[in-house]
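Have a look at the structure below before the remarks.
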Ligand code: IFM
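Numbering (my numbering), first residue to last: 55 to 483.
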């Protein structure tokens, strides 16, 4: 392990999502999913981290780790609890939270949609029905008119491919559908929602002369798909097809407005450049076999608690590839690992940031890193048992305790480097 530095202008912080931390909301699609007994450890997002009431305490946790940036989500079902009825108190709450972040010198990046829908929208068909484009536009308008003076940076949709495939192809997330036809409708509508929101956010911020540079993008969940056997042409082909279907076609459709099959055809909302940064959520690599079109984990590779391969070089490869495709600043909008015992998180952070330092040296403009995640939280169907946090959370008492890896990360946020002393202190047994 070698010491390394990140560029002076590099910004580090962490990322969270509203439903995973706030607690207390019974009006969203995931609450229902929990109630139906789909969560492995029977926990529910109704509890989560009680962040809705404890946001001041949690912002202090970020401050302690020297965060310069923070990616946070808004809960649509709180802001628009019934169709067309907006809750001014909910948006005022988010304004208070954002104001406090700014006072502490932490710049917010706001996610408008992160996997959950208000129940009224879900009942109307959610992202499967094309009316969602109109509903999403109205919600985004309400939010940006009220927060746009404080917030200049937005993620329209988090990981649209994950939302769509788990909910509409594998059927393990709400609404529990297994249909390619319905999956493709969701892909298309998500692309149209993003493009509509992209234009609208720019327009509202410009018309109102709101301060700061408007930056809008998608948090793309990008995986490495490698052939299981790199000498087998069929495995190579299968890996390429998987890559295109899971991420390639959708990402390009959303970024350019030109829908690629199977997402769609043509440019129903007009062609353009619908991103100001390339948002990348990176976690792992899949090894693909043509036989059965299966994704597997390469034998003998390091894994996290969820059996995801730990493959830091993948981040380097993805950034190179996406920069070549889109040529824009890169923000790592999520990267982190599930490690309940905190055995390998520090090394994970080191290895991934090391890859970023190499990219920066090569002139690839990776500008930000948002660690997933600040504190253990409700990890969707894995529930409370999967722990990704820089802080450990005791859910019964809601006590947050800094992990050693969190301390390490906090030092990196402050110093923008990993020194030999830090390697000795945090990375050696
Ligand atoms: O917890 C999720 C997050 O909501 C989206 N990206 C992946 C994370 C870890 O699974």
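The beta carbon of each residue, even a glycine, is placed where N, CA and C say it ideally should be.
The closest heavy atom of the ligand IFM lies 7 Å or more from the beta carbon of residue 465.
For the 8 Å CB-CB criterion, residue 427 and residue 443 form a contact. Less than 8 Å separates the beta-carbon of residue 468 from that of residue 120. In the structure shown, residue 136 adopts extended strand secondary structure according to DSSP, grouped into three states. Residue pairing of residue 334 in beta bridges, as defined by DSSP: 274 and 386. Within its own chain, the residues whose Cβ lies closer than 6 Å to the Cβ of residue 332, once the five positions on either side in sequence are excluded, are 376, 380, 382 and 384, listed in chain order.
Taking one beta carbon from each stretch, the stretch 165-183 and the stretch 122-131 have 3 or more pairs nearer than 8 Å; the two touch. At a Cβ-Cβ threshold of 8 Å, residue 200 and residue 145 count as neighbours. Ranked by how close their Cα comes to the Cα of residue 84, the residues 402, 100 and 95 have 100 in first place.
Note on geometry: alpha-carbon atoms of residue 463 and residue 235 lie some 43 Å from one another.
The alpha carbon of residue 347 has as its nearest neighbour, out of 362, 392, 92 and 295, the alpha carbon of 295. Listed in chain order, the non-local C-beta contacts of residue 270 below 6 Å within the same chain comprise 208, 252, 255 and 330, local neighbours out to five positions each way being set aside.
Distance from the C-beta of residue 74 to the nearest heavy atom of the ligand IFM is below 7 Å. Buried is the label assigned to residue 406, since at least 16 other Cβ atoms lie within 10 Å of its Cβ. Rounded to the nearest angstrom, the gap between the Cα atoms of residue 453 and residue 76 is 15 Å. It is roughly 39 Å from the alpha-carbon of residue 480 to the alpha-carbon of residue 218.
Here residue 403 is not near residue 369, since their CB atoms are 8 Å or more apart. Judged by their CB atoms, residue 178 and residue 248 are not nearer to each other than the 8 Å cut-off. Annotation for residue 243: no beta strand (DSSP E) segment contains it, though the alpha helix (DSSP H) segment containing it runs 234-261.
Ranked by Cα distance from residue 102, the first of 71, 116 and 417 is 71. Closest in C-alpha terms to residue 91, from the list 156, 422 and 227, comes 227. At a Cβ-Cβ threshold of 8 Å, residue 357 and residue 350 do not count as neighbours.
Annotation: the continuous beta strand (DSSP E) that includes residue 445 extends over 445-448. In this chain, the alpha helix (DSSP H) harbouring residue 220 covers 214-222. For residue 89, same chain residues with a beta-carbon under 8 Å away, outside a window of 5 residues either side, are 98 in chain order. Per the coordinates, the alpha-carbon of residue 342 lies some 9 Å from the alpha-carbon of residue 291. Residue environment for residue 353: exposed (fewer than 16 other C-beta atoms within 10 angstroms of its C-beta). The beta carbon of residue 137 sits closer than 6 Å to those of 174, all from its chain and outside the five residues before and after it, given in chain order.
Under DSSP, residue 363 shares a beta bridge with 357.
Under the three-state reduction of DSSP output, residue 73 falls in the helix class. In this structure, the C-beta of residue 382 stays at least 7 Å away from each heavy atom of the ligand IFM.
With contacts defined by Cβ atoms closer than 8 Å, residue 250 and residue 191 form a contacting pair. Counting other Cβ atoms within 10 Å of its Cβ, residue 153 stays below 16 and is therefore classed as exposed. At the C-beta level, residue 335 and residue 388 come within 8 Å of one another. DSSP places residue 193 in the uninterrupted alpha helix (DSSP H) bounded by 186-201.
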